[in-house]
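Written out below as structure tokens is the structure these notes cover.
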Amino acid sequence: MGISERHIAAFAVLTIFGAAPAFAYLDPATGSIIIQAVIGAVAGGLLYAKLFMHKVRSFFGRKTGDVASDNTEN
Amino acid sequence: MINPDPGSFRDPSGRVFIQDDRVLRAIYEMGRDNFEAVQKAGVLDALIAKGLMVEAEAAEPGLADTLEPKPAHLLSHPLIPFISYPYEWTFSQLKAAAILHLELHLEALRSNFTLCDATAYNVQFRGTEPVFIDHLSVVPYEEGEIWAGHRQFCMQFLNPLLLWAKRGVVPNSWYRGSVEGIAPEDLAAVLGWRDKLSFTVLAHVVTQAKAHKHALKTETKEKIVKAHKLPKRSLVAMLEGLKSYISGLELPGGRSVWSDYAGDNSYNAEKRAEKHDFVAAMAGSVQPDMMFDIGCNSGDFTQTALEAGAKSVVAFDFDYGALERCYSRFSQSKLSVLPLWLDAANPSPAQGWANSERASLGDRGKIDAMVALAVIHHIAIGRNVPLDMAVDWLIGLAPQGVIEFPNKDDVMVRKLLASRKDIFPDYTEEAFLQHVGARAEIVEQKKLGEDGRLIVQYRRS
């Protein structure tokens with residue numbers, strides 16, 4: 108998926124420590140571009156896991172709700 | 015010669031023109047290849063057939079020659095009855111628009127096309143139904159390309175919805191001020207830690223904000239940005255995840271806040287019936303294609319006007335709860351009603367680039383009639399607007415209409431005056447009738463019940 112350990116480390120570092128405000132000029136979407144590969148991969152994993160769980164539940168004949176909902180955490 | 019719409023300049027591959035009762039879309043050389051690829055694949059037709067995108071057909075041959083510069087293609091679209099902006103929508107409208115945008119993107123990806131941006135201004139409402147209006151946003155997808163509109167989607171859809179749902183703060187004033195929405199950096203600063211315990215918020219808001227700030231501090235080489243790849247299945251998963259997350263967002267308090275409305279007002283049934291008859295008589299005689307209902311509440315009189323002959327109504331209110339009820343009501347009945355938020359003392363201005371990209375409320379097309387019931391005292395007494403100026407503004411909205419005037423004996427007016435000094439000696443029925451008469455013909459006037467409110471129908475000459 109094109110995600111190196113460096114990406115994951117960057118994600119973790121950014122999430123945990125944050126960065127001080129800075130106001131230099133920059134293409135406004137750079138932050139979005141940098142994180143998309145990681146978000147996409149995690150989102151893909153979550154979707155896969157939910158589809159898998161859905162299949163497992165269907166196999167055992169249990170009723171399930173929305174397959175792709177990640178609102179259970181809220 | 016027709017002039018391009020002042021809000022359509024951002025994409026150099028095309029411009030939009032309003033001609034009578036239709037919209038023309040010129041596609042220039044720069045957009046030719048993409049558009050022809052989209053046409054060839056039949057993507058637009060598929061999106062239109064699914065009701066996601068506004069209808070389009072090739073304009074009559076020869077018309078393109080009259081335009082300068084001459085476009086490579088010229089499309090014709092039906093006119094959206096009333097243009098509105100995301101900072102005028104309710105929570106449910108913004109949510110519906112966000113879901114439409116994601117569904118359209120996912121649908122396009124199935125045919126290997128994508129969207130080149132994610133602006134909420136590309137979604138408009140026909141009645142309560144959102145529809146996508148920018149056909150040139152659909153472009154061929156290249157495997158591995160990043161989602162170009164990601165930050166824009168977050169700023170214009172996700173973040174305002176999160177602020178509303180998680181903090182109970184209406185984002186519209188902020189949205190109207192910034193025009194481009196709410197930045198992840200700003201939203202991250204106001205969300206609580208509990209709000210952040212979700213993958214969607216953590217990834218799209220918190221991490222994006224951090225990455226953005228980090229990128230501002232360090233020198234980001236072009237090649238590093240270009241090196242980022244996003245496989246299609248990851249993009250699809252991201253869009254699906256956002257769609258399901260946004261579908262589950264609710265206002266604090268949930269649906270019950272809007273569903274238990276029981277007609278709380280100071281009117282008895284008989285007076286309300288008289289008022290309904292009065293509004294119905296006006297709507298029946300004018301048969302307006304487009305009507306404003308100023309202070310619509312949950313839409314009772316909008317409903318009456320529609321039944322009497324109004325074709326389409328834009329229903330305004332200052333109260334988001336009332337608008338939610340109104341939106342829910344007409345979503346179910348599928349009537350052509352667009353609920354929008356309005357502060358009558360501060361209507362949406364002309365703004366954006368050159369102060370003309372987003373039109374002011376008064377500059378969005380022809381309004382044939384209006385009703386303003388239980389509104390004028392909020393403007394004249396609630397907001398200290400002199401009565402003649404309040405009448406002037408209301409009558410200026412439409413050439414014909416109905417205005418209700420509650421005098422100082424009215425319980426609602428007494429409430430407004432209870433906590434303040436009465437500095438409104440000119441707020442009288444006589445003065446009201448004189449102000450209306452100076453600006454229009456009074457077609458009919460009536461007192462609702464013996465000691466009730468005065469209601470007038472006017473017609474401007």
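Chains as they are written, first to last, in our numbering: chain A, 108 to 181; chain B, 15 to 475.
Every residue, glycine too, gets a C-beta built ideally from N, C-alpha and C.
Under the three-state reduction of DSSP output, residue 242 (chain B) falls in the coil class, being neither helix nor strand.
Close to residue 158 (chain A), with beta-carbon spacing below 8 angstroms, lies no residue of chain B; the smallest spacing is near 10 angstroms. Using a CB distance cut-off of 7 angstroms, residue 165 (chain A) does not count as an interface residue toward chain B. Straight-line spacing of the CA atoms in residue 160 (chain B) and residue 140 (chain A) works out to 7 angstroms.
In the three-state DSSP reduction, residue 197 (chain B) falls in the coil class, being neither helix nor strand. For the segment 302-317 of chain B, the beta-carbon criterion of a distance under 9 angstroms to any beta-carbon of chain A is satisfied by none of its residues. Within the DSSP secondary-structure output, residue 28 (chain B) pairs in a beta bridge with B:41. Per DSSP, residue 299 (chain B) is one residue of the alpha helix (DSSP H) stretching across 283-300. Using a Cβ distance threshold of 7 angstroms, residue 366 (chain B) and residue 152 (chain B) do not count as a contacting pair. When C-beta atoms of the segment 165-177 of chain B are compared with those of the segment 72-79 of chain B, fewer than three pairs fall below 8 angstroms, so the two segments do not count as touching. Contact between residue 337 (chain B) and residue 142 (chain B) does not hold, since the beta-carbon distance rounds to 11 angstroms and is not under 8 angstroms. The C-alpha of residue 129 (chain B) is placed about 15 angstroms away from the C-alpha of residue 245 (chain B). Residue 429 (chain B) and residue 392 (chain B) have their C-alpha atoms roughly 11 angstroms apart.
Taking one beta carbon from each stretch, the segment 436-451 of chain B and the segment 419-427 of chain B have 3 or more pairs nearer than 8 angstroms; the two touch.
In the DSSP secondary-structure assignment, residue 138 (chain B) is bridged to B:145. In this structure, DSSP gives residue 157 (chain A) a helical state, which the three-state scheme calls helix. When DSSP states are grouped into helix, strand and coil, residue 219 (chain B) belongs to the helix group.
Going by DSSP, residue 321 (chain B) is part of the alpha helix (DSSP H) stretching over 314-322.
In the DSSP assignment, residue 62 (chain B) falls within the alpha helix (DSSP H) that extends over 57-63. Within the same chain, and ignoring the five residues on either side of residue 474 (chain B) in sequence, the residues whose Cβ sits closer than 8 angstroms to its Cβ are 409, 413, 414, 453, 454 and 455. In this structure, the beta-carbon distance from residue 381 (chain B) to residue 296 (chain B) does not fall below 7 angstroms. The three-state reading of DSSP puts residue 353 (chain B) in strand, counting E and B together.
By the C-beta density criterion, residue 204 (chain B) is exposed, having fewer than 16 other C-beta atoms within 10 angstroms. Secondary structure at residue 149 (chain A): helix, using DSSP grouped into helix, strand and coil.
In this structure, the beta-carbon distance from residue 127 (chain B) to residue 144 (chain B) does not fall below 7 angstroms. Around residue 160 (chain B), the beta-carbon contacts reaching into chain A at under 7 angstroms are 140 and 143. Neighbours of residue 67 (chain B) in chain A, taken as residues at a C-beta separation under 8 angstroms, are lacking, since the least C-beta distance is about 24 angstroms.
Using a Cβ-Cβ cut-off of 7 angstroms, residue 222 (chain B) counts as an interface residue toward chain A, since at least one Cβ of chain A sits closer than that to its own. With its beta carbon at least 7 angstroms from every one in chain A, residue 90 (chain B) lies outside the interface. Inclusion of residue 247 (chain B) and residue 151 (chain A) in the CB contact set at 7 angstroms is warranted, their separation being smaller than that value. With a contact defined as Cβ atoms closer than 8 angstroms, residue 446 (chain B) and residue 468 (chain B) qualify at about 7 angstroms. Around residue 151 (chain A), the beta-carbon contacts reaching into chain B at under 7 angstroms are 247, 248 and 251. Taking a C-beta distance under 7 angstroms as the contact criterion, residue 397 (chain B) and residue 432 (chain B) do not qualify as a contact pair. Counting every other CB atom within 10 Å of its CB across the protein chains shown gives residue 178 (chain B) a total of 16 or more, marking it as buried. Between the segment 311-325 of chain B and the segment 342-350 of chain B, the count of C-beta pairs closer than 8 angstroms reaches three or more; the two stretches touch.
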